[in-house]
Amino acid sequence: MAKRDYYEVLGVYKNASSEEIKKAYRRIAIKYHPDKNPNNKKEAEEKFKEAAEAYSVLSNPERRQRYDQFGHTDSYSDGTSEGMNMEDIFSSFGDIFGEALGDRGFSSFGLGGKRSIKGNDLRIRVKLTLKEISQGIEKKVKVKRMKVAPGVLLKKCDICNGSGNVTHFTNTFIGRMRSTSLCKKCQGVGKIINYIPKGANSQGLIKEEELVSIEIPYGLFDGVQLKVYGKGNEAPFGAGDPGDLLVLIEEIPHKTLKREGHNLHYDLYISISDAVLGSCKEIPTITGKVRVQIDSGTQSGKTLRLKGKGLPYFESKKYGDLLIHVNVWTPKKLTKEQKYFFEKMKNAENFIPKPSRLEKSFFEKVREMF
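In our numbering, the protein residues as written are 500 to 869.
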């Protein structure tokens, strides 16, 4: 593929000054830096190589004069971009870009400066009852955290002189290039430990137990994860913010109430007498007990709904319902008198099942639920 005109590559006129050429190259190189083109690195690399080759020629007065006279056919083309070390070129633009970037330059991990290390996150489980979930609660838990040990002494890193970065200079065909990399001794922090007290690890940290208060809002679900900021492990050398405490909510199943989203379900068993004559029953809820009326003639499988007696929605005034599923209990053993009574009633007109259209089938009730 034919090479493009070098002036076209840099976007300058043929009478452009050396300073204009330098600024044009700086602009293009910054534009095609890998940090700015994470989804198209290959094309960005080719664009940068093309610009670097153009600059290597046009920034040199002798090469530029020969290029203006003979074009790409001249033998000066030893400035080709083939085989260029992109790590060196992309990591820093050295003196060429000093005006735009100051002393920092480009580096393979971004624009210089000290590195901030965040402490590791911690994870715990907190078990909650349905009552606690419905009302919200403040939990105090003991957490073992890594903290900077008292007495740890730090000093400036003698390799990077406290900057966190180490600068290397390399002579290339496009000029003197500066490469900035993370200081291996201090890992970019700029400080190293001068004294470690007894009991601390190599990073100057010691494990301590702390009582942490966790505000748990109402309306949560099993498996929800909360975050308590700054209550994880502290950063090594005190070189950054502490990690966070991640709290996984675990719901303790209720003895009699079953949860379904924000609704609660309760199975109520009544006798045949209660179903026939009617009755008043005590029903457990999250906050206490309530009494419900069972009408005479209640059929097994009927569902009673108590509005607003379920669980609250997260950060809302809306509540789910408590669904009471009535089950008529059929005795397995009868006395002679009881057996005689039911034998007499066996063919009684009002004992013969005659479901009306108002009585919903099992499948209709299931369909309504889902």
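Don't be surprised by glycine CBs; every beta carbon is placed ideally from N, CA and C.
Among residues of its own chain, excluding the 5 on either side of LYS788, which ones have a beta-carbon nearer than 7 Å to its beta-carbon? Result list for LYS788: GLU781, ILE782, in chain order.
Buried versus exposed, by CB contacts within 10 Å (16 or more), ASN732: Classification of ASN732: buried, given that the 10 Å Cβ count is 16 or more.
Span separating the alpha-carbon of HIS667 from that of GLU631: Taking the straight line from one Cα to the other gives about 60 Å.
What's the gap between the Cα of SER558 and the Cα of LEU653? Between the C-alpha atoms of SER558 and LEU653 there is a straight-line separation of about 47 Å.
For MET844, does the count of other Cβ atoms within 10 angstroms reach 16, so buried, or fall short, so exposed? Looking at its Cβ environment, which holds fewer than 16 other Cβ atoms inside 10 Å, MET844 is exposed.
Would you kindly work out how many angstroms separate the C-alpha atoms of SER795 and VAL723, rounded to a whole number? Each residue's alpha carbon lies about 44 Å from the other.
List the endpoints of the continuous alpha helix (DSSP H) containing PRO560. In this chain, the alpha helix (DSSP H) harbouring PRO560 covers 560-569.
Which same chain residues end up closer than 7 Å to LYS801 when comparing Cβ atoms and leaving out the 5 residues on each side of it in sequence? The residues are VAL825.
For ARG790, which residues does DSSP report across the bridge? The partner list for ARG790 (beta bridge, DSSP) reads GLU781.
Runs of beta strand (DSSP E) lying entirely within the stretch 646-716, each at least 3 residues, in chain order: Qualifying beta strand (DSSP E) stretches, in chain order: 652-655, 664-671, 674-681, 690-694, 704-715.
CB contact flag (HIS761, GLY809, <8 Å): Contact: yes.
Buried/exposed call for ALA847, threshold 16 Cβ in 10 Å: The residue in question, ALA847, is exposed, as its Cβ has fewer than 16 Cβ neighbours within 10 Å.
Helix, strand or coil for TYR506? Go by DSSP, reduced to three states. Three-state result, TYR506: helix.
CA-CA distance, TYR812 and PRO854? Between TYR812 and PRO854, the alpha-carbon positions lie close to 38 Å from each other.
Between which two residues does the beta strand (DSSP E) containing ILE768 stretch? The residue asked about is misnamed: residue 768 is Tyr in this sequence, not Ile. Its beta strand (DSSP E) spans residues 762-770.
Which listed residue (LEU719, GLY742, SER712) has its alpha carbon closest to that of ASN619: The closest CA to that of ASN619, considering only LEU719, GLY742, SER712, is found on GLY742.
Between ILE616 and PRO735, how many whole angstroms is the CB-CB distance? I'm expecting something under 8 Å. ILE616 to PRO735, Cβ: 6 Å. Contact.
Would you mind sorting LEU744 into buried or exposed? The rule is 16 or more other CB atoms within 10 Å of its CB. Buried: at least 16 other Cβ atoms inside 10 Å.
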